[in-house]
Amino acid sequence: MGKMKRISSEIYSQKDKLWFIIWLSVIAIVWLWNNLFLNLPALKQIEAGFLNTFLISFLVILFTLILSWFIAISLNALESKKYQTGYFTAAFFLNLIRSIPQIVGILFGYVWITYLIEKNLLQNKFYIILLIAFIMSLFVFLEMVDLMRERINHYKKLDFYNAMLVCGIKERRIINYDILWKNSRAHIFNKLIALFGAAVFLQCSIDFIISVGLSTDVSSVNLPVTLGSLLAKIDSKQDILAIGNTITNPGYIGKIFFEHLQGVTVAFLIVFTLICIYKISDGFAERFRL
Numbered sequence: 001m002g003k004m005k006r007i008s009s010e011i012y013s014q015k016d017k018l019w020f021i022i023w024l025s026v027i028a029i030v031w032l033w034n035n036l037f038l039n040l041p042a043l044k045q046i047e048a049g050f051l052n053t054f055l056i057s058f059l060v061i062l063f064t065l066i067l068s069w070f071i072a073i074s075l076n077a078l079e080s081k082k083y084q085t086g087y088f089t090a091a092f093f094l095n096l097i098r099s100i101p102q103i104v105g106i107l108f109g110y111v112w113i114t115y116l117i118e119k120n121l122l123q124n125k126f127y128i129i130l131l132i133a134f135i136m137s138l139f140v141f142l143e144m145v146d147l148m149r150e151r152i153n154h155y156k157k158l159d160f161y162n163a164m165l166v167c168g169i170k171e172r173r174i175i176n177y178d179i180l181w182k183n184s185r186a187h188i189f190n191k192l193i194a195l196f197g198a199a200v201f202l203q204c205s206i207d208f209i210i211s212v213g214l215s216t217d218v219s220s221v222n223l224p225v226t227l228g229s230l231l232a233k234i235d236s237k238q239d240i241l242a243i244g245n246t247i248t249n250p251g252y253i254g255k256i257f258f259e260h261l262q263g264v265t266v267a268f269l270i271v272f273t274l275i276c277i278y279k280i281s282d283g284f285a286e287r288f289r290l
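Residue 1 is where the sequence shown starts when you use the working numbering, and the numbers rise one by one after that.
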């Protein structure tokens with residue numbers, strides 16, 4: 001009995017890993033089901049959209065990590081060396097970015113990318129994905145900067161920071177290794193998980209805004225296919241609307257997973273992925289007691 005409780009406790013303490021396994025398993029089942037019942041062109045589009053969505057989101061957190069580290073270290077150096085003019089100038093531009101709603105800033109970024117595409121200045125799909133990810137990171141990286149700055153300022157108040165300086169250890173080594181790596185790694189990784197989910201959500205939101213015509217300069221045709229752009233297509237919308245038909249006609253539910261598979265699959269992938277990312281982040285925070 002004690003062994004069963006211990007196993008149960010271990011599983012609960014690592015529920016972030018459990019949710020990741022659940023997500024992988026469900027994605028594999030959905031892919032197999034679509035291979036059996038979805039037409040090949042639609043399947044290829046869903047696969048491309050899924051991979052592009054996750055590639056962009058991964059690049060977002062990569063760019064976010066690099067930008068955040070550079071800005072946090074730079075602000076700390078300016079503050080430590082009493083360069084008030086440089087510090088307040090940097091803080092002003094960061095607050096300017098912070099004042100722009102994320103979805104609005106990213107939408108204008110999409111407009112600029114489409115302009116480059118139409119002028120034949122940007123044609124390579126991978127470069128387009130890189131630029132989309134970089135623009136998205138510009139509007140989410142401040143959350144990571146705030147976290148890093150908070151961790152640095154917290155540990156600078158403790159005795160070990162001054163003691164290490166007295167021992168001749170360089171400040172940049174203390175901040176980069178002892179504070180950010182040794183004592184803040186779990187916090188940073190948990191924030192990256194949350195930002196990954198934010199990147200997926202923002203992509204889908206922007207594609208929806210484009211699809212309903214709030215921006216006449218941007219067309220999803222110009223951009224790499226993602227889950228959001230697939231959900232905005234007329235076929236997917238009709239598939240989603242077909243779900244409402246099951247309210248008045250419950251017998252129709254059996255046809256949903258055969259005749260309306262594209263839209264249902266795309267919508268399920270988005271919603272289920274966001275739920276799993278939340279659960280993984282929450283479980284990770286519990287496991288490391290953040």
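We put the CB at the ideal spot given by N, CA and C, even for glycine.
At a Cβ-Cβ threshold of 7 Å, residue 68 and residue 145 count as neighbours. The continuous alpha helix (DSSP H) containing residue 19 extends over residues 15–37. Residue state for residue 41 is assigned as helix, using DSSP reduced to three classes. Note on residue 167: under 16 other CB atoms within 10 angstroms of its CB, so exposed under the neighbour-count rule. Going by beta carbons, residue 133 and residue 56 fall inside the 7 Å limit.
Short of 6 Å from the beta carbon of residue 164, and not among the five residues preceding or following it, lie these beta carbons of its own chain, in chain order: 174.
In the DSSP assignment, residue 271 falls within the unbroken alpha helix (DSSP H) covering 261–287.
The alpha-carbon separation between residue 271 and residue 162 amounts to approximately 48 Å.
Below 8 Å, too few C-beta pairs join the region 99–114 and the region 26–41 to call them touching: fewer than three. Residue state for residue 250 is assigned as helix, using DSSP reduced to three classes. Cβ-Cβ distances below 7 Å link residue 48 to 225 in the same chain, with the five nearest sequence neighbours on each side left out; the list follows chain order. A direct Cα-to-Cα measurement between residue 25 and residue 210 gives close to 32 Å.
In this structure the region 13–22 lies against the region 267–283, because at least three pairs of beta carbons, one per stretch, are closer than 8 Å. When rounded, the separation of the alpha-carbon atoms in residue 187 and residue 126 is 31 Å. Residue 123 counts as exposed, since fewer than 16 other beta carbons sit within 10 angstroms of its beta carbon. Under the 8 Å Cβ criterion, the region 149–156 does not count as touching the region 253–266, having fewer than three qualifying pairs.
Taking the Cα positions, residue 265 is about 44 Å away from residue 177. Collapsing the DSSP output to three states places residue 137 in a helix.
When secondary structure is reduced to three states using DSSP, residue 169 falls in the coil class, being assigned neither helix nor strand.
Judged by their CB atoms, residue 191 and residue 147 are nearer to each other than the 7 Å cut-off. Residue 136 places its beta carbon 7 Å or farther from that of residue 72. Collapsing the DSSP output to three states places residue 83 in coil. Note on residue 238: under 16 other CB atoms within 10 angstroms of its CB, so exposed under the neighbour-count rule. Its chain contains 256 and 260 as the residues whose beta carbon lies nearer than 7 Å to that of residue 242, once the 5 sequence neighbours on both sides are disregarded; these appear in chain order.
When the Cα atoms are used, residue 278 and residue 60 turn out to be separated by approximately 17 Å. The criterion of a C-beta distance shorter than 7 Å is satisfied by residue 263 and residue 236. Between residue 86 and residue 78 a beta carbon distance of about 5 Å is seen, short of the 8 Å cut, so the two are scored as contacting. Around residue 288, the same chain offers 186 as residues with beta carbons nearer than 6 Å, after the five sequence neighbours per side are excluded. Taken through DSSP and simplified to helix, strand or coil, residue 123 comes out as coil. Look at residue 226 here: in three-state DSSP terms it is coil, with no helix or strand label.
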